[in-house]
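Notes follow the structure.
Number of protein chains: 2
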Amino acid sequence: MFSQSCKYAIRAVLYLATRLSEGERIGAKALGEALNIPAPFLAKILQDLSRKGLISSVKGPGGGFFLSEDNQNVTLERIVECIDGPEAMHGCVLGFTTCSSANPCPLHVQAFAYREGLRYQLAHQTVRELALRINRENIKL
Amino acid sequence: MFSQSCKYAIRAVLYLATRLSEGERIGAKALGEALNIPAPFLAKILQDLSRKGLISSVKGPGGGFFLSEDNQNVTLERIVECIDGPEAMHGCVLGFTTCSSANPCPLHVQAFAYREGLRYQLAHQTVRELALRINRENIKL
DNA sequence: AGAATAAAAAACCTTTTTATCTTTTATTCA
DNA sequence: TGAATAAAAGATAAAAAGGTTTTTTATTCT
Chain A
16 MFSQSCKYAI
26 RAVLYLATRL
36 SEGERIGAKA
46 LGEALNIPAP
56 FLAKILQDLS
66 RKGLISSVKG
76 PGGGFFLSED
86 NQNVTLERIV
96 ECIDGPEAMH
106 GCVLGFTTCS
116 SANPCPLHVQ
126 AFAYREGLRY
136 QLAHQTVREL
146 ALRINRENIK
156 L
Chain B
16 MFSQSCKYAI
26 RAVLYLATRL
36 SEGERIGAKA
46 LGEALNIPAP
56 FLAKILQDLS
66 RKGLISSVKG
76 PGGGFFLSED
86 NQNVTLERIV
96 ECIDGPEAMH
106 GCVLGFTTCS
116 SANPCPLHVQ
126 AFAYREGLRY
136 QLAHQTVREL
146 ALRINRENIK
156 L
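Read top to bottom, the protein sequences are chains A and B. Here the first sequence is numbered in the numbering used here, starting from 16 and rising by one per residue. Here the second sequence is numbered in the numbering used here, starting from 16 and rising by one per residue.
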């Protein structure tokens, strides 16, 4: 469903949203260690996200990655799009180019329900909202 | 979700189930052409399925791939397992090793509910049953 | 028996994904 | 100002997925 990079990206952003206090920043290395993700690889991913304005960063001593107020209003869907591309959650499960409810592939109904359900969450839930739930329900990253 | 190989495998098996009459067989080359799948690559996949007894084959002139009575009782889940491995539909969406309903990842509830729906179909629907529906509803492959 | 056919098997190549390493640039702070 | 820090950028490496080619083996049909 999601590429490895995309999974890393989601976990990293949620870490920034839930574990960093106001004004605090974290470097790629420390974040990699905290989440058990290869740090140089994670750095690449964070730079992608930063370039597209989904997360923020500052260079130099005391610098690192963090989320601005704006960044917290980003939906998970945009993060997925940024890393896996806009088609990540839209293609047919069986790879049919013509698959639709009018012209369904053999697994269309089940697959569509599954994916749309998840996609709805990703599209409608912001990082901020999800972060609140993670804290409230004490969910691990 | 499914690898390219797995998508090809499912389509190929469903072709055998719906387009071949009693006693008929089809070669990898013709099947590749019919389904728009690179034939040599498809051949390898078919050989995997054949080795594990999910489809049948005979060599030599007039030979090719086909489904025995037994083969038609195979579930799609077994085909997916054969090609993508047993964990294909079981891992956490975010790649957490510890993800479960007791210890959920941030997307667990949504992802789990919808994925189980699809998995249930794959696990309980045989190739024969799906083939009937494909014929009844005139679904394209 | 021998030619033709087609799967099985094995080796190989290409592309994409995942991961690492090195250099450069911007920032802070002493 | 300059040393230290950390992101940005780019180049490289390793592994996996996707795809092709070649050789071998089994079967059929003349």
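Glycine residues also receive a C-beta, built at the ideal position from the N, C-alpha and C atoms. Only a predicted model underlies this, so the values are computations on that prediction, with no experimental measurement involved.
For this session: Please decide whether A/Lys155 counts as near chain B, where near means a Cβ-Cβ distance under 9 Å.
Result: For A/Lys155, the answer is yes, since a Cβ of chain B falls inside 9 Å of its Cβ.
Exercise. Taking DSSP as the reference, what is the three-state secondary structure of A/Ser36?
Worked result: Look at A/Ser36 here: in three-state DSSP terms it is coil, with no helix or strand label.
Exercise. For B/Tyr129, does the count of other Cβ atoms within 10 angstroms reach 16, so buried, or fall short, so exposed?
Worked result: B/Tyr129 counts as buried, since no fewer than 16 other beta carbons sit within 10 angstroms of its beta carbon.
For this session: Measure from the alpha carbon of B/Ala43 to the alpha carbon of each residue in B/Ala24, B/Thr33, B/Glu37, then state which is nearest.
Result: Ranking B/Ala24, B/Thr33, B/Glu37 by CA distance to the CA of B/Ala43 puts B/Ala24 first.
For this session: Using three-state DSSP, classify A/Val73 as helix, strand or coil.
Result: If DSSP states are grouped into helix, strand and coil, A/Val73 belongs with the strands.
Exercise. Between B/Leu137 and A/Leu109, is the Cβ-Cβ spacing less than 9 Å?
Worked result: The answer is no: Cβ separation not under 9 Å.
Problem set entry | Inter-stretch contact at 8 Å, needing at least 3 Cβ pairs: the stretch 67–83 of chain B / the stretch 33–50 of chain B | With a cut-off of 8 Å, the stretch 33–50 of chain B and the stretch 67–83 of chain B count as touching, because enough Cβ pairs lie within range.
Exercise. Any idea what DSSP makes of B/Ile154, helix, strand or coil?
Worked result: B/Ile154 falls in the coil class under three-state DSSP.
Problem set entry | chain B contact residues for A/Ile60, given Cβ-Cβ distances below 9 Å | Going along chain B, no residue has its Cβ under 9 Å from A/Ile60, so there is no contact; the nearest lies around 13 Å.
For this session: Please classify A/Phe111: does DSSP put it in a helix, a strand, or coil?
Result: When secondary structure is reduced to three states using DSSP, A/Phe111 falls in the coil class, being assigned neither helix nor strand.
For this session: Below 8 Å on the Cβ atoms is my guess for B/Asp63 versus B/Cys21; work out the distance and round it to an integer in Å.
Result: 10 Å between Cβ atoms; not a contact.
Problem set entry | When A/Ala146, A/Asn118, A/Ser116 are compared against A/Glu84, the one with the closest alpha-carbon | With distances taken between Cα atoms, A/Glu84 lies closest to A/Ala146.
For this session: Give the secondary structure of A/Phe127 by DSSP, where H, G and I count as helix, E and B as strand, and everything else as coil.
Result: Helix at A/Phe127.
Exercise. Roughly how many angstroms separate the alpha carbons of B/Ser65 and A/Leu57, rounded to a whole number?
Worked result: Rounded to whole angstroms, the separation of the alpha carbons of A/Leu57 and B/Ser65 is 41 Å.
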